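Chemist: Number 321 in our numbering belongs to position 249 of the sequence shown; there are no gaps in the numbering. Quick reminder that beta carbons are idealized off the backbone N, C-alpha and C, glycines included. Predicted model, so just to flag it, every value in this text is computed and none were measured.
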Amino acid sequence: MELLERKKSLAELTDWLRRAIGGAGCIALLGAEAGIGKTALLQEFAKAPLGARVLWGSCDALFAPRPLGPLYDIARQAKGELLAAIGAKANREVIFAAALDELERAQTLIVFEDMHWADEATLDLLKYLGRRIQRTRAMLVVSYRDDEVGPQHPLRFVIGDLPRAATHRMSLFPLSEAAVAQLARQAGQPSAGLHRITGGNPFFVTEALAAVADTVPASVRDAVLARAMRLTPDARKLAELASVVPGSAESWLLAQAVEFDEVSIEGCLGIGMVRAPDGALCFRHELARRAFEDSLSPSHRQLLHAKVFAALSTRAQISAARLAHHAAGARNAAAVLQFAPLAAMQAASVGSHREAAALYRVAIDYAQEIAPLERARLHEQLSYECHLTAQYERAIEARRAALQIWRALGERMREGGALQWLSRFSWFFGRRVDANRYAAEAVSTLESLPPSPELARAYSNRAQLDMEDHELESSIAWARRAIELAEPWAETEILCDALGALGISRLIGGDASGAADLERALRLALDGNLQEQVASSYNDLAAMAVSYRHYDKAAHWLNEGLLYCEKHDMASLRLYMLAYRARKSFEQGDWQSASDDAEAVLRHPLATLITRIPALRTLGHIRIRRGDPQAEAALEEAWALGGTTQELQRVGTLAAIRAEAAWLAGDREGVRRVVEAAYELVCQRRDPRMKGELAAWLWRVGALSGQPGEIAEPYAQEIAGDWRAAASAWKQLGCPYEHACLLALRGTESEQREALEILERLGAAPASLALRKRMRAEGIRAVPRGLRTSTRSNRLGLTRREAEILTLVSQGMRNSTIAKRLFVSTRTVDRHVSAILSKLGVQSRGEAAALAGKAPSLDA
73 MELLERKKSL
83 AELTDWLRRA
93 IGGAGCIALL
103 GAEAGIGKTA
113 LLQEFAKAPL
123 GARVLWGSCD
133 ALFAPRPLGP
143 LYDIARQAKG
153 ELLAAIGAKA
163 NREVIFAAAL
173 DELERAQTLI
183 VFEDMHWADE
193 ATLDLLKYLG
203 RRIQRTRAML
213 VVSYRDDEVG
223 PQHPLRFVIG
233 DLPRAATHRM
243 SLFPLSEAAV
253 AQLARQAGQP
263 SAGLHRITGG
273 NPFFVTEALA
283 AVADTVPASV
293 RDAVLARAMR
303 LTPDARKLAE
313 LASVVPGSAE
323 SWLLAQAVEF
333 DEVSIEGCLG
343 IGMVRAPDGA
353 LCFRHELARR
363 AFEDSLSPSH
373 RQLLHAKVFA
383 ALSTRAQISA
393 ARLAHHAAGA
403 RNAAAVLQFA
413 PLAAMQAASV
423 GSHREAAALY
433 RVAIDYAQEI
443 APLERARLHE
453 QLSYECHLTA
463 QYERAIEARR
473 AALQIWRALG
483 ERMREGGALQ
493 WLSRFSWFFG
503 RRVDANRYAA
513 EAVSTLESLP
523 PSPELARAYS
533 NRAQLDMEDH
543 ELESSIAWAR
553 RAIELAEPWA
563 ETEILCDALG
573 ALGISRLIGG
583 DASGAADLER
593 ALRLALDGNL
603 QEQVASSYND
613 LAAMAVSYRH
623 YDKAAHWLNE
633 GLLYCEKHDM
643 ASLRLYMLAY
653 RARKSFEQGD
663 WQSASDDAEA
673 VLRHPLATLI
683 TRIPALRTLG
693 HIRIRRGDPQ
703 AEAALEEAWA
713 LGGTTQELQR
723 VGTLAAIRAE
733 AAWLAGDREG
743 VRRVVEAAYE
753 LVCQRRDPRM
763 KGELAAWLWR
773 VGALSGQPGE
783 IAEPYAQEIA
793 GDWRAAASAW
803 KQLGCPYEHA
813 CLLALRGTES
823 EQREALEILE
833 RLGAAPASLA
843 LRKRMRAEGI
853 RAVPRGLRTS
863 TRSNRLGLTR
873 REAEILTLVS
883 QGMRNSTIAK
893 RLFVSTRTVD
903 RHVSAILSKL
913 GVQSRGEAAA
923 LAGKAPSLDA
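1) Tell me whether M642 is buried or exposed, calling it buried when 16 or more other Cβ atoms sit within 10 Å of its Cβ.
2) Just to confirm, are M242 and L450 a CB contact at a threshold of 8 Å?
3) Would you check whether the ligand GDP has a heavy atom nearer than 7 Å to the C-beta of E322?
4) Looking at C-alpha atoms only, which residue of A448, A891, T270, W769 is the closest neighbour of G742?
5) I852: buried (16+ other C-beta within 10 angstroms of its C-beta) or exposed?
6) Any idea if W629 is buried or exposed, counting beta-carbon neighbours within 10 angstroms, 16 or more meaning buried?
7) Could you tell me if Q258 is buried or exposed, where buried requires 16 or more neighbouring beta carbons within 10 angstroms of its beta carbon?
8) CB F500 to CB Y531, shorter than 8 Å?
9) According to DSSP, Y216 sits in a beta bridge with which residue or residues?
10) How big is the Cα-Cα spacing for W795 and A737?
11) Report the option in A399, G699, T690 whose CA atom is closest to the CA atom of W711.
12) With distances taken from CA atoms, which of R496, R472, S498 is nearest E487?
13) What number of angstroms, rounded off, separates the C-alpha of A299 from the C-alpha of A283?
14) Among the residues of its own chain, which have a CB less than 7 Å from the CB of N611, if the five just before and after it don't count?
15) Taking DSSP as the reference, what is the three-state secondary structure of C354?
16) For the candidate residues E105, L122, G97, I108, whose alpha-carbon lies nearest to that of A83?
17) Alpha carbon to alpha carbon, how far is F229 from V221? Give it in angstroms, no decimals.
18) Check whether the Cβ atoms of A250 and L266 sit closer than 8 Å, and answer yes or no.
19) CB-CB under 7 Å to A507, same chain, minus the five flanking residues each way: which ones, in chain order?
20) Using only the alpha-carbon positions, how far apart do M539 and R394 sit?
21) Does the distance from the C-beta atom of A307 to that of G339 stay below 8 Å?
22) State the Cα-Cα distance for the pair D333 and L326, rounded to the nearest angstrom.
23) Which word fits L234, buried or exposed, when buried means at least 16 other C-beta atoms lie within 10 angstroms of its C-beta?
24) Let me know the secondary structure DSSP gives I566 once reduced to three states.
25) Among I696, A734, T725, which has the Cα closest to the Cα of Y751?
26) Pop quiz: W189 and D132 are said to be a contact at Cβ under 8 Å. What is the actual Cβ separation, rounded to whole angstroms?
27) What did DSSP end up calling L172 once you bin it into helix, strand or coil?
28) Quick one: grab the DSSP three-state call for T717.
29) For the alpha helix (DSSP H) that contains M847, what are its first and last residues?
30) In angstroms with no decimal places, state the Cα-to-Cα distance between G319 and N404.
31) Around the Cβ of T716, are there at least 16 other Cβ atoms within 10 angstroms (buried) or fewer (exposed)?
32) Out of curiosity, what's the CA-to-CA distance linking A920 and I908?
33) Considering H542, what are the terminal residues of the beta strand (DSSP E) in which it resides?
34) State the Cα-Cα distance for the pair A104 and L359, rounded to the nearest angstrom.
35) Leaving out five residues on either side along the sequence, give the residues of the same chain with a beta carbon under 6 Å from the beta carbon of H225.
36) Answer yes or no: do L594 and A587 have a C-beta to C-beta separation smaller than 8 Å?
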């Protein structure tokens, strides 16, 4: 019945499949609410697959989904190398490659069902296959509940990364009132009120029409339970057992757990349950299963889970995740402690770290009676998985629990290790004071014991903390001590981390030999296949190249690093590199690309404060230079994220940006006020680049006393009075804004005109407006008028085209619809919308529309 009003959808799917098997592999995204008929549509579509083989995999509704669940289903259908790779528990790169090989082997329709429940590894697999789908003759259909995939859902971001040219989207809508009335007539039931109560949801309509009730049930649960009233006692036992099994209950499972006959089976089928060809029994929809399961008393549900677990535990090849799910449902502590940690390790091994953390949390809930040593290890494993998924508060909480146990047991070495990890997690979470305290305790504890790798790690951690705060001499000393300890034990991971701190500290202080330390760390990490250290080394090399304004080198390291992170799905370090790419693009004058990268970081669900802060700084700086509304909001958020104890890097960088904002506003006293404290602090450390930038701002407003030593070019040239050399240096470095500003401030008429042209091209409205006023005040004639009247008079600072698009956005139009209305490409509209959000200083289309509603006229 669900296929009423679905002919157009079937035709579209068939057309996409025809093109795919013709050599243009593609992805079809089918998003719609629960019960709308996604599965029924795909099952009907799969009946006539145009000669393509059909492979079907589903995600589980377990509390922690089994890793790569859909791929296991598909491997059993495809057999061959894919099944061998999964059966041999190969690493995920081998498994992913085998999955791609399977798609390349033949014309294929492959379905990933219920991806809103997907584990982390399955999402990574979707991204991996999606980027390569065009070279296959396959169509990959992904179904999901779009009402459960919100803006921060991980699937949303995977979808955003899929290639546009190879990705199709389809939504299913509720049935019309006429269609619902037709279904009611076919069932011999009245249709009055049926569409209003069911909302046209096909599943709810079907359940309501089949319910034994005088009136239309008020909810899906009521409809399912009313329909179940017709079950015989034996059939009800069978349905109850199936209701606690997500997915399908295998025939052998049913036979072991409950007595039944074919009459009971027929009874279950009579209420809409489904029997597979292999005898497996399931509810027609997950909504029905959950409604039935929720109707059971807690004690009865626990008993049913116990029966299922007992049956599953006698069979080979049952996933640990599935066993852990039913063990927890049965409240079987011993079984939970046996299978939940095992399932967590299996999940972590393929990159499903969120699921691993969930499984460790379940194990800990049942761990009160086990030995303290084992309990502490569970807490540490949970802590590490939470760290990998940026759940730093939980990571700290779990590691503290482990620390208490180690102290009670007198395990000093493990106590020191726990303290070191607490220091690192606290820093990631923005708690600098706690990070310093734990770091000092870790060193003190471990130094009281014989030298060890744990002590080397604690030294390396101290080096990294001091490096972040620009305590360079201390950082270098700690790093060298860590290296001396790590090398004899061949502790490459620790060695790479210490070399990173050493290299960055040297480079910050102006010692170019630090680059060799970073390159050595990268070589060691690559040779040892230490993925986190490889990505960190790429990030360090890129970040320092940007800081030194060696943009060609920065581009090389960023390209290498981003490719590596993409290949190995290292989202957190990829985001950090994107933040630095944003800064690089900004400094080189490509403000739109910089804004795009910064906003991509801020929208990502895995963005942590250490990745959000640099992205917010760059975004705020762009908005200040463009004169966008609410430019300060991004900087205020960046400062707030830094916590009560700010590191010098954050203090100095924000001070310089705010000084520029004050300068553009003509507030010379404001420049001095925001810079002085930061300048005094940086003078106590050693950072020629930061010291030079802050000194230059003080010099420009006449607040610099004396010629500062140890400052970088071009700041030193400007302060020394050789502004032309400084302007030339900025030009050679590839920084057009800084070059133009010096020409504007000091140059001849021709140089000022050159500066004005650069500033207009960049979109630097405040600086170009100030220069135009200065030129007119100096009697220069025929000064270019600058931005179009439509842009100047628009209260929101938008161009006419941007204002037009914002009006259409405010009317609820999608970008594709706007593109058709304006006869432009969707990509062009995407870029305009991104520019609008950036200019308005908002994060969403809704916020932009709300702000537009306050404007007197978008086209004024």
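Modeler: Let me spell this out:
1) Classification for M642: buried.
2) M242 places its beta carbon 8 Å or farther from that of L450.
3) Ligands are entirely absent from the displayed structure, and the ligand GDP is therefore not among its contents.
4) Cα-wise, what sits closest to G742 is W769.
5) The residue in question, I852, is exposed, as its Cβ has fewer than 16 Cβ neighbours within 10 Å.
6) By the neighbour-count rule (16 or more Cβ atoms within 10 Å), W629 is buried.
7) It is exposed - the Cβ of Q258 has fewer than 16 other Cβ atoms within 10 Å.
8) Taking 8 Å as the cut-off, the beta carbon of F500 is found no closer than this to the beta carbon of Y531.
9) Beta-bridge partners assigned by DSSP to Y216: G103.
10) Going from the Cα of W795 to the Cα of A737 covers about 23 Å.
11) Nearest in C-alpha terms to W711, of all of A399, G699, T690, is T690.
12) Selection R496, R472, S498 evaluated against E487 yields R472 as nearest (Cα-Cα).
13) It is worth fixing the name first, because residue 299 is Arg in this sequence and not Ala. For R299 and A283, the distance between alpha carbons rounds to 4 Å.
14) Apart from the 5 residues on each side of it in sequence, N611 sits with its Cβ closer than 7 Å to the Cβ of G633, L645, Y648, M649 in its chain, given in chain order.
15) If DSSP states are grouped into helix, strand and coil, C354 belongs with the strands.
16) Looking only at E105, L122, G97, I108, the smallest Cα-Cα distance to A83 is reached by L122.
17) Distance from the CA of V221 to the CA of F229, rounded to the nearest whole angstrom, comes to 10 Å.
18) Cβ distance not < 8 Å, so A250 and L266 don't count as in contact.
19) Excluding its 5 nearest sequence neighbours in each direction, A507 has C-beta neighbours in its own chain below 7 Å: S495, S498, W499, L537, listed in chain order.
20) Computed Cα separation, rounded: 46 Å.
21) Between A307 and G339, the C-beta spacing is below 8 Å.
22) Distance between the alpha carbons of D333 and L326: 11 Å.
23) Counting Cβ neighbours within 10 Å, L234 comes out buried, since at least 16 surround it.
24) Here I566 sits in helix by DSSP.
25) Out of I696, A734, T725, the CA that lies nearest to the CA of Y751 is found in T725.
26) In this structure W189 is in contact with D132, their Cβ atoms being roughly 6 Å apart against a cut-off of 8 Å.
27) Helix, per DSSP.
28) Residue state, collapsed to three classes: coil.
29) For M847, the enclosing alpha helix (DSSP H) starts and ends at 837-849.
30) Taking the straight line joining both Cα atoms gives about 22 Å.
31) Looking at its Cβ environment, which holds fewer than 16 other Cβ atoms inside 10 Å, T716 is exposed.
32) Rounded to the nearest angstrom, the two C-alpha atoms are 8 Å apart.
33) Neither: H542 is in no beta strand (DSSP E) and is coded neither H nor E.
34) Taking the straight line joining both Cα atoms gives about 14 Å.
35) Cβ neighbours of H225 beyond the five flanking positions: none.
36) No, Cβ-Cβ distance for L594 and A587 is not below 8 Å.
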